[in-house]
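Everything on this sheet refers to the single structure shown next.
Residue numbers (the working numbering), protein chains in the order written: chain A, 1 to 151; chain B, 1001 to 1275.
Set out below in structure tokens:
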């Protein structure tokens, strides 16, 4: 026996995908809103946390979310050049790209962190991104339980 | 070479340029940091083994009154660390007078150091960390997640990596904050504890290896930081993001200063995560 018995959620076939979306309230949150108003089909895998700006999402928060056992995290902000807060999303992007690099370095898939800059502004765009993201996460194994904080 | 080093220290002490010179001293068969204040003491100065002294120097210098300086016998990595601390307004420019020694090629290989020399001196040979098999096994191998898991499991959360790091000088630390890293849990959350530390150092790490040297469990932390440095350089073209922008939100304050104001310029400082 190599691994301890896992509960049903951690086996791939029946696993419930859990993700969190940090959505900038000037862009991606509007997209999410519209997706709801237009009654577009959305996967039930995610919860949205509205933020004033994507730059407020520290890499530490993303790591905290992954350490709590979530399958993935999405950070969605305005298009580059369209930030309401003094171009704050440019350094935020660099920072989160480096976090993707770090996940890759220790062997987690970089696609667990989805970045979107101005590509989720319309309802159908947001829904498309979330469907794609959920499909990617479903194809990845659950985050190793020994890497996750026991809840 | 050793005697010219001693001559320079004697010169500094004789000229009252500095209150003392921090270096390594051999004492009763052991080597440790020591502040040389008398010229005749310097006979017991040694330069081996490698022992990054920037953090020790910072601790001494921050309690010195304005206008006083401390000498420091150090290596290339220490000089880079001091540059970073000056930039972050943790040390007054000129408060640490460095006497640099370049490292040997053998030492550079142990430290996986690309730049084992002191600015202004003859550049000695460094190594490319990403070409070393040990680093490649940790950062490129397909099975690296398991390797890292086994390493992280041995962590005893002694905070030695943070405490020895010349760059980790925030008064408040997220690694002690229950919101980010669960307190009272050993080993710590591997994803949170080690990766938050790596992210905070991503644009500031000087590659001195003090974290790895001080780790009682022998975690290969330096490989993690060096791989991040490489990723940063590939993304920005710089080894450090120095000057351009401060990437990482550590314990930042309302007025934009990153750390507690220790230089007494009248700006507010200290406290928890103020926003």
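We put the beta carbon where it would ideally sit given N, CA and C, even for glycine.
Handout entry: For residue 1027 of chain B, three-class secondary structure by DSSP
Key = Counted from its first residue, the second chain places residue 1027 of chain B at position 27. In this structure, residue 1027 of chain B counts as strand in the three-state DSSP scheme.
Problem - Residue nearest to residue 1128 of chain B in terms of C-alpha spacing, selected from B/1012, B/1227, B/1006 and B/1164 - result: Translated into the one-based positions of the second chain, residue 1128 of chain B becomes position 128. Per the Cα distances, B/1227.
Practice task
Can you pull the chain B residues whose beta carbon is under 7 Å from the beta carbon of residue 64 of chain A, in chain order?
Solution key: One-based indexing of the first chain puts residue 64 of chain A at position 64. In chain order: 1180 and 1192.
Handout entry: Partner residues on chain B for residue 114 of chain A, Cβ-Cβ distance less than 9 Å
Key = For this step, residue 114 of chain A is matched to residue 114 along the first chain. Result: empty, since nearest Cβ-Cβ is about 17 Å, beyond 9 Å.
Problem - Contact between the stretch 1060-1069 of chain B and the stretch 133-151 of chain A (3+ Cβ pairs under 8 Å) - result: no
Exercise for the section: Could you tell me whether the Cβ of residue 1235 of chain B comes closer than 9 Å to any Cβ of chain A? Expected result: Start at 1 with the first residue of the second chain, and residue 1235 of chain B comes out as number 235. Yes, contact with chain A.
Practice task
Could you tell me which residues DSSP pairs with residue 117 of chain A in its beta bridges?
Solution key: Residue numbering aside, residue 117 of chain A sits at position 117 when the first chain is read from its first letter. Assignment of beta-bridge partners to residue 117 of chain A by DSSP yields A/77.
Practice task
Whole angstroms is fine: what's the gap from residue 1183 of chain B's alpha carbon to residue 31 of chain A's?
Solution key: The sequence position of residue 1183 of chain B within the second chain is 183, counting from 1. The sequence position of residue 31 of chain A within the first chain is 31, counting from 1. Computed Cα separation, rounded: 38 Å.
Handout entry: Distance, residue 1046 of chain B Cα to residue 1029 of chain B Cα
Key = To locate residue 1029 of chain B, count along the second chain from 1; it is residue 29. To locate residue 1046 of chain B, count along the second chain from 1; it is residue 46. Rounded to the nearest angstrom, the two C-alpha atoms are 12 Å apart.
Exercise for the section: Return the CA-CA distance between residue 1131 of chain B and residue 1233 of chain B, expressed in angstroms with no decimal places. Expected result: Along the second chain, read from residue 1 onward, the residue named residue 1131 of chain B stands at position 131. Along the second chain, read from residue 1 onward, the residue named residue 1233 of chain B stands at position 233. Going from the Cα of residue 1131 of chain B to the Cα of residue 1233 of chain B covers about 16 Å.
Exercise for the section: Leaving out five residues on either side along the sequence, give the residues of the same chain with a beta carbon under 6 Å from the beta carbon of residue 121 of chain A. Expected result: Counting from one through the first chain, the residue named residue 121 of chain A turns up at place 121. Within the same chain, 27 and 31 come within 6 Å of residue 121 of chain A by CB-CB distance, once the 5 residues on both sides are set aside.
Practice task
Assign residue 1125 of chain B to buried or exposed, taking buried as 16 or more other Cβ atoms, counted over all protein chains shown, within 10 Å of its Cβ.
Solution key: On the second chain, position 125 is the one that residue 1125 of chain B refers to. Exposed is the call here.
Handout entry: Delimiting residues of the alpha helix (DSSP H) encompassing residue 133 of chain A
Key = Looking up residue 133 of chain A in the first chain gives position 133. 123-139 is the span of the alpha helix (DSSP H), which, as asked, contains residue 133 of chain A.
Problem - residue 1091 of chain B beta carbon less than 9 Å from that of residue 1082 of chain B - result: As a working mapping, residue 1082 of chain B is identified with position 82 in the second chain. As a working mapping, residue 1091 of chain B is identified with position 91 in the second chain. Yes. Within cutoff.
Handout entry: Coil, strand or helix - residue 72 of chain A by DSSP
Key = Working through the first chain from its first residue, we reach residue 72 of chain A at position 72. Residue 72 of chain A: strand per DSSP, three-state reduction.
Practice task
Could you tell me which uninterrupted alpha helix (DSSP H) segments, each at least 4 residues in length, are contained entirely in the stretch 1150-1183 of chain B, listed from first to last along the chain?
Solution key: 1160-1164
Problem - Alpha carbon of residue 82 of chain A to alpha carbon of residue 1201 of chain B, nearest angstrom - result: For this step, residue 82 of chain A is matched to residue 82 along the first chain. For this step, residue 1201 of chain B is matched to residue 201 along the second chain. For residue 82 of chain A and residue 1201 of chain B, the distance between alpha carbons rounds to 29 Å.
Practice task
Starting from the Cα of residue 73 of chain A, find the closest Cα among A/91, A/45, A/87 and A/94 and give me that residue.
Solution key: If you number the first chain from 1, residue 73 of chain A lands on position 73. Nearest to residue 73 of chain A by C-alpha distance, out of A/91, A/45, A/87 and A/94, is A/45.
Handout entry: C-alpha gap between residue 76 of chain A and residue 1093 of chain B, whole angstroms
Key = Taking the first chain and counting its residues from 1, one reaches residue 76 of chain A at position 76. Taking the second chain and counting its residues from 1, one reaches residue 1093 of chain B at position 93. Each residue's Cα considered, the two are about 41 Å apart.
Problem - Cut-off 7 Å between Cβ atoms - residues of its own chain near residue 1215 of chain B, not counting five sequence neighbours on either side - result: As a first step, residue 1215 of chain B is located in the second chain; it is residue number 215 there, counting from the start. Excluding residues within five positions, the ones whose Cβ falls inside 7 Å are 1160, 1161 and 1221.
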